[in-house]
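Peer 1: Sending over a structure as C-alpha coordinates; questions will come in a sec.
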Amino acid sequence: MTIKVLVSVNPVKSPEGKTNQHLFVIRNIFEYLFLLKQLIQERNFKEAILESILDGVFTVDSQFRITSFNKAAENITGYKKEEVLGKNCSEVMKSPDADACPLKKTLETGENVSNYEMEIITKNGKRIPVSVNTAILYDEKGEVIGGVETFRDMSEIVRLRNEVRHRFSFGNIIGKSDCMQIIYDKLEVISVTDSNVLIEGETGTGKDLIARTIHYNSMRKDKPFVKINCAAIPENLLESELFGYKKGAFTGAVMDKMGKFEAADGGTIFLDEIGDMPLSLQAKILRVIEEREFERLGEVETRKVDVRVIAATNRPLKELVEQGKFRMDLYYRLNVVRIRLPALRERAEDIPLLLDHFIEVFNKKFNKKVKGVEQRVMDFLLDYSWPGNVRELENVIEHAMIHARGDLIRFDNLPDYLFEEGESGAVSLVDVEREHILRVLKSVNNNKTRASKILGISRSTLWRKLKELNIE
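Reading the sequence shown from the start, the letters are residues 888 to 1359 in the numbering used here.
See below:
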(Lines of atoms letter the chains of each structure in order from A and count residues from 1; the text may use other names and numbers.)
(Lines give C-alpha, C1' and ligand atoms only; values in the text may rest on other atoms or scores of the structure.)
Protein backbone atom coordinates (compact mmCIF):
# COMPACT_ATOMS: atom_id res chain seq x y z
CA MET A 1 0.00 0.00 0.00
CA THR A 2 1.39 3.40 -0.99
CA ILE A 3 0.68 6.50 1.13
CA LYS A 4 1.55 10.04 0.11
CA VAL A 5 3.30 11.92 2.86
CA LEU A 6 4.63 15.42 3.44
CA VAL A 7 8.23 15.40 4.72
CA SER A 8 10.02 18.33 6.36
CA VAL A 9 13.72 18.14 7.33
CA ASN A 10 15.21 20.27 10.09
CA PRO A 11 18.97 20.21 10.94
CA VAL A 12 20.01 19.47 14.53
CA LYS A 13 23.21 21.26 15.59
CA SER A 14 25.69 20.27 18.29
CA PRO A 15 26.84 22.68 21.04
CA GLU A 16 29.80 23.48 18.80
CA GLY A 17 27.47 24.57 16.04
CA LYS A 18 28.04 21.60 13.78
CA THR A 19 25.23 19.81 12.04
CA ASN A 20 25.53 16.13 12.78
CA GLN A 21 21.89 15.08 12.83
CA HIS A 22 18.64 15.79 10.98
CA LEU A 23 15.08 15.69 12.27
CA PHE A 24 12.60 14.28 9.80
CA VAL A 25 8.92 15.17 10.33
CA ILE A 26 6.53 13.06 8.29
CA ARG A 27 2.84 13.99 7.95
CA ASN A 28 0.05 12.25 6.14
CA ILE A 29 -0.46 14.56 3.14
CA PHE A 30 -4.16 13.64 2.90
CA GLU A 31 -4.73 15.03 6.39
CA TYR A 32 -2.85 18.18 5.40
CA LEU A 33 -4.81 18.53 2.17
CA PHE A 34 -8.07 17.95 4.03
CA LEU A 35 -7.30 20.78 6.47
CA LEU A 36 -6.23 23.04 3.61
CA LYS A 37 -9.44 22.25 1.74
CA GLN A 38 -11.48 23.10 4.85
CA LEU A 39 -9.73 26.44 5.16
CA ILE A 40 -10.35 27.24 1.49
CA GLN A 41 -14.01 26.25 1.76
CA GLU A 42 -14.44 28.38 4.88
CA ARG A 43 -12.85 31.35 3.14
CA ASN A 44 -15.00 30.85 0.04
CA PHE A 45 -18.11 30.56 2.22
CA LYS A 46 -17.32 33.84 3.97
CA GLU A 47 -16.64 35.52 0.62
CA ALA A 48 -19.94 34.18 -0.75
CA ILE A 49 -21.80 35.67 2.22
CA LEU A 50 -20.01 38.99 1.76
CA GLU A 51 -20.85 39.10 -1.95
CA SER A 52 -24.53 38.27 -1.33
CA ILE A 53 -25.08 41.24 1.00
CA LEU A 54 -27.03 44.06 -0.67
CA ASP A 55 -25.22 46.74 1.35
CA GLY A 56 -21.77 47.89 0.36
CA VAL A 57 -19.15 46.37 2.68
CA PHE A 58 -15.41 46.95 2.89
CA THR A 59 -12.70 46.35 5.47
CA VAL A 60 -9.43 48.13 6.22
CA ASP A 61 -6.30 47.26 8.15
CA SER A 62 -4.91 49.33 11.02
CA GLN A 63 -3.31 51.68 8.48
CA PHE A 64 -6.72 52.43 6.88
CA ARG A 65 -5.81 50.46 3.73
CA ILE A 66 -8.73 48.67 2.08
CA THR A 67 -8.41 44.89 2.38
CA SER A 68 -11.79 43.76 1.00
CA PHE A 69 -14.51 45.35 -1.12
CA ASN A 70 -17.73 43.48 -1.95
CA LYS A 71 -19.82 43.52 -5.14
CA ALA A 72 -22.44 45.90 -3.74
CA ALA A 73 -19.68 48.36 -2.84
CA GLU A 74 -18.49 48.17 -6.45
CA ASN A 75 -22.01 48.83 -7.76
CA ILE A 76 -22.62 51.82 -5.50
CA THR A 77 -19.23 53.54 -5.87
CA GLY A 78 -18.39 52.57 -9.45
CA TYR A 79 -14.94 51.32 -8.39
CA LYS A 80 -13.75 47.77 -9.04
CA LYS A 81 -12.22 45.80 -6.19
CA GLU A 82 -8.88 45.63 -7.97
CA GLU A 83 -8.76 49.44 -8.16
CA VAL A 84 -9.23 50.04 -4.43
CA LEU A 85 -7.44 47.21 -2.63
CA GLY A 86 -4.49 48.67 -0.74
CA LYS A 87 -5.71 52.26 -1.07
CA ASN A 88 -6.54 54.50 1.88
CA CYS A 89 -10.31 54.45 2.45
CA SER A 90 -10.47 58.26 2.31
CA GLU A 91 -9.27 58.14 -1.31
CA VAL A 92 -12.22 55.93 -2.28
CA MET A 93 -15.05 57.02 0.05
CA LYS A 94 -14.75 60.70 -0.84
CA SER A 95 -17.42 62.98 0.55
CA PRO A 96 -18.32 66.66 0.23
CA ASP A 97 -19.54 66.43 3.85
CA ALA A 98 -16.28 65.24 5.45
CA ASP A 99 -12.53 65.11 4.86
CA ALA A 100 -12.19 61.48 5.93
CA CYS A 101 -14.24 58.32 5.65
CA PRO A 102 -16.27 57.44 8.78
CA LEU A 103 -14.34 54.18 9.23
CA LYS A 104 -11.04 56.07 9.54
CA LYS A 105 -12.61 58.30 12.19
CA THR A 106 -13.89 55.21 14.01
CA LEU A 107 -10.40 53.71 14.16
CA GLU A 108 -8.94 57.04 15.31
CA THR A 109 -11.53 57.74 18.01
CA GLY A 110 -12.63 54.22 18.97
CA GLU A 111 -16.30 55.18 18.49
CA ASN A 112 -18.51 53.18 16.14
CA VAL A 113 -20.86 54.99 13.76
CA SER A 114 -24.52 53.93 13.43
CA ASN A 115 -26.94 54.98 10.65
CA TYR A 116 -24.90 58.07 9.78
CA GLU A 117 -26.29 59.74 6.66
CA MET A 118 -23.86 61.42 4.29
CA GLU A 119 -23.09 61.83 0.61
CA ILE A 120 -20.25 60.06 -1.21
CA ILE A 121 -18.77 60.94 -4.60
CA THR A 122 -18.66 57.98 -6.98
CA LYS A 123 -15.91 57.23 -9.49
CA ASN A 124 -17.77 59.17 -12.20
CA GLY A 125 -18.34 62.18 -9.92
CA LYS A 126 -21.98 61.51 -9.03
CA ARG A 127 -23.16 62.31 -5.50
CA ILE A 128 -25.05 59.49 -3.79
CA PRO A 129 -26.69 59.67 -0.34
CA VAL A 130 -25.72 56.72 1.86
CA SER A 131 -26.35 55.48 5.38
CA VAL A 132 -23.14 54.29 7.07
CA ASN A 133 -22.34 51.91 9.94
CA THR A 134 -18.82 51.16 11.18
CA ALA A 135 -17.19 48.78 13.66
CA ILE A 136 -13.66 48.02 14.88
CA LEU A 137 -12.14 44.56 14.20
CA TYR A 138 -10.03 42.83 16.87
CA ASP A 139 -7.84 39.72 16.84
CA GLU A 140 -8.05 36.92 19.40
CA LYS A 141 -5.74 38.88 21.72
CA GLY A 142 -7.99 41.92 21.67
CA GLU A 143 -5.63 43.94 19.50
CA VAL A 144 -7.10 46.26 16.85
CA ILE A 145 -6.44 44.84 13.39
CA GLY A 146 -8.67 47.13 11.35
CA GLY A 147 -12.32 47.95 10.82
CA VAL A 148 -15.41 47.24 8.73
CA GLU A 149 -17.85 49.69 7.15
CA THR A 150 -21.25 48.97 5.64
CA PHE A 151 -23.07 51.57 3.57
CA ARG A 152 -26.50 51.57 1.95
CA ASP A 153 -27.62 53.56 -1.09
CA MET A 154 -30.34 55.94 0.19
CA SER A 155 -31.23 57.48 -3.19
CA GLU A 156 -34.71 55.93 -3.36
CA ILE A 157 -35.49 56.70 0.28
CA VAL A 158 -34.41 60.33 -0.17
CA ARG A 159 -36.57 60.54 -3.31
CA LEU A 160 -39.58 59.21 -1.39
CA ARG A 161 -38.97 61.65 1.45
CA ASN A 162 -38.91 64.53 -1.00
CA GLU A 163 -42.06 63.20 -2.67
CA VAL A 164 -43.88 63.13 0.67
CA ARG A 165 -42.74 66.66 1.44
CA HIS A 166 -43.82 67.83 -2.00
CA ARG A 167 -47.20 66.16 -1.59
CA PHE A 168 -47.89 68.17 1.53
CA SER A 169 -46.48 71.46 0.28
CA PHE A 170 -48.78 74.44 -0.04
CA GLY A 171 -49.21 73.83 -3.77
CA ASN A 172 -51.00 70.53 -3.13
CA ILE A 173 -53.74 72.02 -0.99
CA ILE A 174 -56.17 72.57 -3.82
CA GLY A 175 -58.33 75.65 -4.09
CA LYS A 176 -58.43 79.07 -5.72
CA SER A 177 -61.27 80.52 -3.64
CA ASP A 178 -60.66 83.60 -1.51
CA CYS A 179 -61.08 81.65 1.74
CA MET A 180 -58.39 79.17 0.64
CA GLN A 181 -56.02 81.98 -0.35
CA ILE A 182 -56.33 83.33 3.20
CA ILE A 183 -55.41 79.87 4.54
CA TYR A 184 -52.36 79.70 2.24
CA ASP A 185 -51.14 83.02 3.64
CA LYS A 186 -51.63 81.74 7.20
CA LEU A 187 -49.79 78.49 6.49
CA GLU A 188 -46.78 80.35 5.15
CA VAL A 189 -46.50 82.28 8.42
CA ILE A 190 -47.41 79.40 10.75
CA SER A 191 -44.94 76.92 9.28
CA VAL A 192 -41.88 79.00 10.19
CA THR A 193 -42.97 79.31 13.83
CA ASP A 194 -43.08 76.62 16.51
CA SER A 195 -46.37 77.60 18.14
CA ASN A 196 -49.22 75.22 18.88
CA VAL A 197 -52.00 75.18 16.29
CA LEU A 198 -55.74 74.49 16.56
CA ILE A 199 -57.45 73.45 13.31
CA GLU A 200 -61.24 73.70 13.27
CA GLY A 201 -63.49 72.39 10.55
CA GLU A 202 -66.21 69.92 9.71
CA THR A 203 -65.45 66.27 9.04
CA GLY A 204 -63.74 65.78 5.70
CA THR A 205 -62.44 69.34 5.22
CA GLY A 206 -58.78 68.28 5.20
CA LYS A 207 -57.57 68.91 8.75
CA ASP A 208 -55.07 66.04 8.51
CA LEU A 209 -53.62 67.46 5.28
CA ILE A 210 -53.24 70.91 6.83
CA ALA A 211 -51.49 69.44 9.90
CA ARG A 212 -49.03 67.50 7.74
CA THR A 213 -48.42 70.55 5.56
CA ILE A 214 -47.50 72.62 8.60
CA HIS A 215 -45.14 69.92 9.86
CA TYR A 216 -43.38 69.22 6.54
CA ASN A 217 -42.75 72.92 5.99
CA SER A 218 -41.51 73.58 9.53
CA MET A 219 -38.11 73.39 11.20
CA ARG A 220 -39.20 69.97 12.54
CA LYS A 221 -39.75 68.47 9.06
CA ASP A 222 -36.95 65.89 9.47
CA LYS A 223 -38.37 64.65 12.78
CA PRO A 224 -41.42 62.41 13.37
CA PHE A 225 -45.01 63.37 12.61
CA VAL A 226 -47.22 61.28 14.89
CA LYS A 227 -51.01 61.26 14.62
CA ILE A 228 -53.53 59.95 17.12
CA ASN A 229 -57.32 60.06 16.78
CA CYS A 230 -58.65 60.84 20.24
CA ALA A 231 -62.15 59.61 19.35
CA ALA A 232 -61.11 56.30 17.81
CA ILE A 233 -59.50 54.82 20.95
CA PRO A 234 -61.53 53.71 23.99
CA GLU A 235 -61.11 55.99 26.99
CA ASN A 236 -59.53 53.26 29.13
CA LEU A 237 -56.78 52.75 26.52
CA LEU A 238 -56.19 56.33 25.44
CA GLU A 239 -53.86 57.26 28.30
CA SER A 240 -51.52 54.33 27.62
CA GLU A 241 -51.54 55.16 23.88
CA LEU A 242 -50.60 58.77 24.56
CA PHE A 243 -48.04 58.30 27.32
CA GLY A 244 -46.98 54.63 27.11
CA TYR A 245 -46.75 52.23 30.00
CA LYS A 246 -44.33 50.25 32.14
CA LYS A 247 -44.21 46.47 32.09
CA GLY A 248 -46.72 45.11 34.61
CA ALA A 249 -48.70 48.38 34.82
CA PHE A 250 -51.87 46.43 34.04
CA THR A 251 -52.96 42.99 32.87
CA GLY A 252 -51.50 42.39 29.44
CA ALA A 253 -48.62 44.87 29.83
CA VAL A 254 -45.94 42.25 29.21
CA MET A 255 -43.27 44.76 28.17
CA ASP A 256 -42.53 48.48 28.31
CA LYS A 257 -44.24 50.49 25.57
CA MET A 258 -43.48 53.96 24.26
CA GLY A 259 -46.43 56.34 23.92
CA LYS A 260 -47.29 58.72 21.08
CA PHE A 261 -45.82 61.78 22.79
CA GLU A 262 -42.50 60.03 23.30
CA ALA A 263 -42.53 58.74 19.71
CA ALA A 264 -43.01 62.31 18.46
CA ASP A 265 -40.06 63.70 20.45
CA GLY A 266 -38.36 66.42 18.42
CA GLY A 267 -41.21 66.49 15.93
CA THR A 268 -44.96 67.09 15.85
CA ILE A 269 -47.87 65.29 17.49
CA PHE A 270 -51.26 65.68 15.81
CA LEU A 271 -54.18 65.26 18.22
CA ASP A 272 -57.12 64.69 15.90
CA GLU A 273 -60.66 65.07 17.27
CA ILE A 274 -59.32 66.70 20.44
CA GLY A 275 -62.90 67.64 21.35
CA ASP A 276 -63.49 63.99 22.25
CA MET A 277 -60.58 63.93 24.72
CA PRO A 278 -61.90 62.80 28.15
CA LEU A 279 -61.72 65.45 30.87
CA SER A 280 -59.68 63.05 33.00
CA LEU A 281 -56.82 63.18 30.47
CA GLN A 282 -56.97 66.87 29.59
CA ALA A 283 -54.91 67.84 32.66
CA LYS A 284 -52.11 65.49 31.58
CA ILE A 285 -52.15 66.92 28.06
CA LEU A 286 -51.93 70.41 29.55
CA ARG A 287 -48.94 69.40 31.67
CA VAL A 288 -47.04 68.03 28.67
CA ILE A 289 -47.67 71.26 26.76
CA GLU A 290 -46.71 73.55 29.66
CA GLU A 291 -43.89 71.61 31.33
CA ARG A 292 -42.82 69.26 28.50
CA GLU A 293 -42.77 66.27 30.84
CA PHE A 294 -44.86 63.20 31.68
CA GLU A 295 -44.75 59.73 33.23
CA ARG A 296 -45.58 56.45 31.57
CA LEU A 297 -48.52 54.57 33.06
CA GLY A 298 -47.31 52.62 36.11
CA GLU A 299 -43.98 54.46 36.23
CA VAL A 300 -42.65 57.08 38.66
CA GLU A 301 -39.79 58.27 36.46
CA THR A 302 -40.50 61.65 34.82
CA ARG A 303 -39.61 61.85 31.14
CA LYS A 304 -38.87 64.99 29.14
CA VAL A 305 -40.24 65.52 25.65
CA ASP A 306 -39.96 68.24 23.00
CA VAL A 307 -42.96 68.28 20.67
CA ARG A 308 -45.05 70.74 18.73
CA VAL A 309 -48.76 70.15 19.27
CA ILE A 310 -51.26 70.49 16.45
CA ALA A 311 -54.84 69.73 17.46
CA ALA A 312 -57.94 69.43 15.30
CA THR A 313 -61.64 69.26 16.03
CA ASN A 314 -64.98 69.17 14.26
CA ARG A 315 -66.74 70.21 17.45
CA PRO A 316 -67.12 73.77 18.81
CA LEU A 317 -64.46 73.75 21.55
CA LYS A 318 -65.51 77.13 22.93
CA GLU A 319 -69.03 75.82 23.51
CA LEU A 320 -67.60 72.69 25.14
CA VAL A 321 -65.60 74.96 27.47
CA GLU A 322 -68.79 76.84 28.41
CA GLN A 323 -70.54 73.51 29.05
CA GLY A 324 -67.70 72.35 31.31
CA LYS A 325 -66.74 69.52 28.94
CA PHE A 326 -63.36 70.96 27.94
CA ARG A 327 -60.76 72.71 30.10
CA MET A 328 -60.48 76.43 29.45
CA ASP A 329 -56.72 76.50 30.18
CA LEU A 330 -56.08 73.66 27.70
CA TYR A 331 -58.24 75.41 25.10
CA TYR A 332 -56.13 78.57 25.30
CA ARG A 333 -52.87 76.58 25.26
CA LEU A 334 -53.96 74.86 22.04
CA ASN A 335 -55.54 77.94 20.48
CA VAL A 336 -52.29 79.90 20.06
CA VAL A 337 -52.79 79.90 16.30
CA ARG A 338 -56.23 79.02 14.92
CA ILE A 339 -57.11 77.87 11.43
CA ARG A 340 -60.74 77.46 10.44
CA LEU A 341 -61.20 75.28 7.37
CA PRO A 342 -64.24 76.19 5.26
CA ALA A 343 -66.81 73.56 4.34
CA LEU A 344 -66.84 72.56 0.68
CA ARG A 345 -70.27 74.19 0.21
CA GLU A 346 -68.61 77.49 1.21
CA ARG A 347 -66.10 77.23 -1.63
CA ALA A 348 -68.04 75.60 -4.44
CA GLU A 349 -65.81 77.36 -7.00
CA ASP A 350 -63.04 74.94 -5.98
CA ILE A 351 -65.06 71.84 -6.94
CA PRO A 352 -63.94 71.79 -10.63
CA LEU A 353 -60.28 71.95 -9.53
CA LEU A 354 -60.81 69.16 -7.01
CA LEU A 355 -62.62 67.08 -9.65
CA ASP A 356 -59.69 67.39 -12.05
CA HIS A 357 -57.29 66.38 -9.28
CA PHE A 358 -59.26 63.30 -8.19
CA ILE A 359 -59.85 62.19 -11.80
CA GLU A 360 -56.09 62.35 -12.39
CA VAL A 361 -55.42 60.35 -9.21
CA PHE A 362 -57.94 57.61 -10.03
CA ASN A 363 -56.95 57.43 -13.70
CA LYS A 364 -53.52 56.34 -12.48
CA LYS A 365 -54.96 54.02 -9.83
CA PHE A 366 -57.44 52.27 -12.13
CA ASN A 367 -55.46 52.66 -15.37
CA LYS A 368 -58.27 54.62 -17.04
CA LYS A 369 -58.45 57.63 -19.37
CA VAL A 370 -61.42 59.57 -18.06
CA LYS A 371 -61.23 63.21 -19.18
CA GLY A 372 -63.97 64.80 -17.09
CA VAL A 373 -67.67 64.79 -16.26
CA GLU A 374 -70.85 65.50 -18.20
CA GLN A 375 -72.15 69.04 -17.79
CA ARG A 376 -75.27 67.93 -15.91
CA VAL A 377 -73.03 65.95 -13.53
CA MET A 378 -70.98 69.08 -12.94
CA ASP A 379 -74.14 71.12 -12.33
CA PHE A 380 -75.40 68.53 -9.84
CA LEU A 381 -72.09 68.38 -7.96
CA LEU A 382 -71.94 72.17 -7.74
CA ASP A 383 -75.47 72.28 -6.26
CA TYR A 384 -75.00 69.39 -3.80
CA SER A 385 -74.51 70.41 -0.14
CA TRP A 386 -71.52 68.05 0.53
CA PRO A 387 -72.03 67.29 4.24
CA GLY A 388 -68.96 65.04 4.06
CA ASN A 389 -66.93 67.79 2.36
CA VAL A 390 -63.79 67.06 0.30
CA ARG A 391 -63.50 63.50 1.60
CA GLU A 392 -67.04 62.74 0.45
CA LEU A 393 -66.30 64.29 -2.96
CA GLU A 394 -63.21 62.08 -3.25
CA ASN A 395 -65.24 58.96 -2.40
CA VAL A 396 -67.96 59.93 -4.90
CA ILE A 397 -65.42 60.40 -7.70
CA GLU A 398 -63.69 57.10 -6.84
CA HIS A 399 -67.08 55.33 -7.02
CA ALA A 400 -67.86 57.04 -10.34
CA MET A 401 -64.44 56.21 -11.81
CA ILE A 402 -64.88 52.53 -10.99
CA HIS A 403 -68.17 52.45 -12.90
CA ALA A 404 -67.22 54.80 -15.75
CA ARG A 405 -66.96 53.10 -19.16
CA GLY A 406 -66.26 56.04 -21.46
CA ASP A 407 -64.09 59.12 -21.23
CA LEU A 408 -66.70 61.08 -19.24
CA ILE A 409 -68.36 60.41 -15.89
CA ARG A 410 -72.13 60.13 -16.39
CA PHE A 411 -75.08 60.51 -14.05
CA ASP A 412 -75.54 56.76 -13.68
CA ASN A 413 -71.92 56.43 -12.51
CA LEU A 414 -72.63 58.41 -9.34
CA PRO A 415 -73.61 56.70 -6.04
CA ASP A 416 -77.37 56.19 -5.65
CA TYR A 417 -77.58 57.89 -2.26
CA LEU A 418 -76.78 61.29 -3.85
CA PHE A 419 -80.14 61.30 -5.66
CA GLU A 420 -82.18 60.54 -2.56
CA GLU A 421 -81.81 64.05 -1.13
CA GLY A 422 -85.30 65.51 -0.80
CA GLU A 423 -86.66 68.99 -1.24
CA SER A 424 -85.65 70.08 2.23
CA GLY A 425 -85.61 73.81 1.60
CA ALA A 426 -83.81 75.90 4.18
CA VAL A 427 -82.61 73.48 6.82
CA SER A 428 -80.08 73.69 9.63
CA LEU A 429 -76.63 72.13 9.41
CA VAL A 430 -77.71 69.56 12.02
CA ASP A 431 -80.64 68.54 9.79
CA VAL A 432 -78.35 68.27 6.77
CA GLU A 433 -75.92 66.11 8.73
CA ARG A 434 -78.73 63.91 10.06
CA GLU A 435 -80.21 63.36 6.60
CA HIS A 436 -76.80 62.65 5.15
CA ILE A 437 -75.98 60.00 7.77
CA LEU A 438 -79.38 58.38 7.29
CA ARG A 439 -78.87 58.21 3.51
CA VAL A 440 -75.43 56.67 3.87
CA LEU A 441 -76.68 54.12 6.41
CA LYS A 442 -79.52 53.16 4.07
CA SER A 443 -77.13 52.74 1.13
CA VAL A 444 -75.03 50.21 3.11
CA ASN A 445 -77.94 48.35 4.77
CA ASN A 446 -77.20 49.97 8.15
CA ASN A 447 -73.64 48.58 8.25
CA LYS A 448 -71.93 50.94 10.71
CA THR A 449 -68.38 50.01 9.67
CA ARG A 450 -69.02 50.71 5.98
CA ALA A 451 -70.99 53.85 6.80
CA SER A 452 -68.20 55.27 8.97
CA LYS A 453 -65.72 54.63 6.14
CA ILE A 454 -67.90 56.48 3.61
CA LEU A 455 -68.46 59.34 6.06
CA GLY A 456 -64.74 59.49 6.82
CA ILE A 457 -65.13 59.19 10.58
CA SER A 458 -64.32 56.53 13.16
CA ARG A 459 -66.96 54.04 14.35
CA SER A 460 -66.96 55.60 17.83
CA THR A 461 -67.57 59.06 16.34
CA LEU A 462 -70.42 57.66 14.25
CA TRP A 463 -72.01 56.09 17.34
CA ARG A 464 -71.73 59.42 19.17
CA LYS A 465 -73.37 61.28 16.27
CA LEU A 466 -76.17 58.70 16.09
CA LYS A 467 -76.87 59.33 19.77
CA GLU A 468 -76.68 63.13 19.44
CA LEU A 469 -78.97 63.16 16.38
CA ASN A 470 -81.44 60.63 17.85
CA ILE A 471 -80.89 58.14 15.05
CA GLU A 472 -81.95 54.63 16.02
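C-beta atoms are modelled at their ideal positions from N, C-alpha and C, and glycine is treated no differently.
If you're wondering where the values come from, they're calculated on a predicted model, not measured in any experiment.
1. On the three-state DSSP scale, how would you describe residue 1027?
2. Give a yes or no on contact between the segment 1209-1224 and the segment 1128-1138, applying the rule of three or more CB pairs nearer than 8 angstroms.
3. What residue does the beta strand (DSSP E) around residue 955 start on, and which one ends it?
4. Does the segment 1084-1098 come close enough to the segment 1119-1135 to have 3 or more Cβ pairs within less than 8 angstroms?
5. Within the same chain, show all residues whose beta-carbon is closer than 6 angstroms to that of residue 1297, passing over the 5 residues directly before and after it, in chain order.
6. Spatial neighbours of residue 1347 within its chain, please: C-beta separation below 7 angstroms, excluding the five flanking residues on both sides.
7. Could you check whether the Cβ of residue 1323 sits closer than 9 angstroms to any Cβ belonging to chain C?
8. Return the CA-CA distance between residue 1201 and residue 1160, expressed in angstroms with no decimal places.
9. Between which two residues does the beta strand (DSSP E) carrying residue 1344 extend?
10. Starting from residue 1170, trace the alpha helix (DSSP H) in both directions and tell me its first and last residue.
11. From this set, 1278, 1075, 1214, which residue's C-alpha is nearest residue 1245's C-alpha?
12. Could you check the C-alpha separation between residue 964 and residue 957 for me, to the nearest Å?
13. Would you call the segment 1056-1075 and the segment 1035-1048 in contact, with 3 or more CB pairs under 8 angstroms?
14. Are the beta-carbon atoms belonging to residue 1324 and residue 1342 less than 9 angstroms from one another?
15. If you reduce the DSSP assignment to three classes, tell me which class residue 989 lands in.
16. Looking at C-alpha atoms only, which residue of 1145, 1351, 1234, 989 is the closest neighbour of residue 1190?
17. Assuming residue 1003 is part of the alpha helix (DSSP H), what are its boundary residues?
18. Where does residue 832 sit, in a helix, a strand or coil, going by DSSP?
19. Which residues in the same chain as residue 991 place their Cβ atom closer than 7 angstroms to its Cβ, once the five residues preceding and following it in sequence are excluded?
20. Excluding five sequence neighbours on each side, which residues of the same chain lie with their C-beta closer than 6 angstroms to the C-beta of residue 1097?
21. Residues in its own chain within less than 6 angstroms of residue 1157 by CB, not counting five upstream and five downstream?
22. Taking the continuous beta strand (DSSP E) assigned at residue 1161, which residues delimit it?
23. If you compare alpha carbons, which of 1291, 1293, 1282, 1187 is closest to residue 1337?
24. Since residue 989 and residue 1004 should fall inside the 8 angstroms C-beta cutoff, what is the C-beta to C-beta distance between them, to a whole number of angstroms?
25. DSSP three-state call for residue 1223: helix, strand or coil?
26. To which residues of the same chain is residue 968 closer than 7 angstroms at the C-beta, ignoring the five residues directly before and after it?
27. Just list the alpha helix (DSSP H) runs in the segment 1066-1138, keeping only unbroken ones of 4 residues or longer that don't cross its boundaries, in chain order.
28. To the nearest angstrom, how far is it from the Cα of residue 1332 to the Cα of residue 1289?
29. Between residue 1154 and the rest of its own chain, which residues show a CB-CB distance below 8 angstroms, the 5 nearest in sequence each way excluded?
30. Between which two residues does the alpha helix (DSSP H) containing residue 1278 stretch?
31. For residue 1368 and residue 941, what's the separation of their Cα atoms in angstroms?
32. Could you check if residue 1147 is buried or exposed, using at least 16 other CB atoms within 10 Å of its CB as the buried criterion?
33. Less than 9 angstroms separating the beta-carbons of residue 1273 and residue 1232?
34. So what does DSSP say about residue 1335, is it helix, strand or coil?
Peer 2: Taking the definition as stated:
1. Coil at residue 1027, not helix or strand.
2. A contact is defined here as three or more CB-CB pairs under 8 angstroms, and the segment 1209-1224 fails this definition with respect to the segment 1128-1138.
3. From DSSP, the beta strand (DSSP E) with residue 955 extends over 953-956.
4. As far as the Cβ criterion goes, the segment 1084-1098 does not touch the segment 1119-1135, which means the pair count is below three.
5. Sequence-distant partners of residue 1297 (beyond 5 residues in either direction) whose C-beta falls short of 6 angstroms from its own C-beta, in its chain, are 1261.
6. So the qualifying residues of the chain are 1118, 1119.
7. You won't find chain C in this structure, because it holds only one protein chain.
8. When rounded, the distance between both Cα atoms is 7 angstroms.
9. That residue, residue 1344, is in no beta strand (DSSP E); it is neither H nor E in DSSP.
10. Run containing residue 1170: 1166-1178, per the alpha helix (DSSP H) assignment.
11. The shortest C-alpha separation from residue 1245 is found at 1278.
12. Whole-angstrom Cα-Cα distance: 11 angstroms.
13. Counting Cβ pairs under 8 angstroms, fewer than three are found: no touch.
14. Against a cut-off of 9 angstroms, the Cβ pair of residue 1342 and residue 1324 comes out as a contact.
15. In the three-state DSSP reduction, residue 989 falls in the helix class (H, G or I).
16. Closest by C-alpha distance to residue 1190, out of 1145, 1351, 1234, 989, is 1145.
17. In the DSSP assignment, residue 1003 falls outside any alpha helix (DSSP H) and lies within the beta strand (DSSP E) extending over 1003-1008.
18. Here the chain comprises residues numbered 888 to 1359, so residue 832 is not present and cannot be evaluated.
19. Here residue 991 has 951, 976, 977 as same chain residues with Cβ atoms under 7 angstroms from its own Cβ, once five neighbours each way along the sequence are excluded.
20. Excluding positions up to five away in sequence, the list reads 1086.
21. Annotation for residue 1157: 1098, 1114, 1197 place their beta carbon closer than 6 angstroms to its own, counting only its chain and skipping 5 residues before and after.
22. It is not in any beta strand (DSSP E) - residue 1161 carries neither H nor E in the DSSP assignment.
23. It is 1282.
24. That pair is no contact at about 11 angstroms.
25. DSSP, reduced to helix, strand and coil, places residue 1223 outside both helices and strands of the structure shown, so it counts as coil.
26. Excluding sequence neighbours, residue 968 sits near 956, 961.
27. 1094-1103, 1122-1130, all fully within the segment 1066-1138.
28. Straight-line Cα distance between these residues: approximately 21 angstroms.
29. Same-chain partners within the cutoff: 1102, 1107, 1110, 1111, 1112, 1113, 1194, 1195.
30. In the DSSP annotation of this structure, the continuous segment of the alpha helix (DSSP H) that includes residue 1278 starts and ends at 1276-1290.
31. The structure shown does not extend to residue 1368, since the chain is modelled only from 888 to 1359, so the question has no answer here.
32. Buried is the call here.
33. Contact: yes.
34. Helix.
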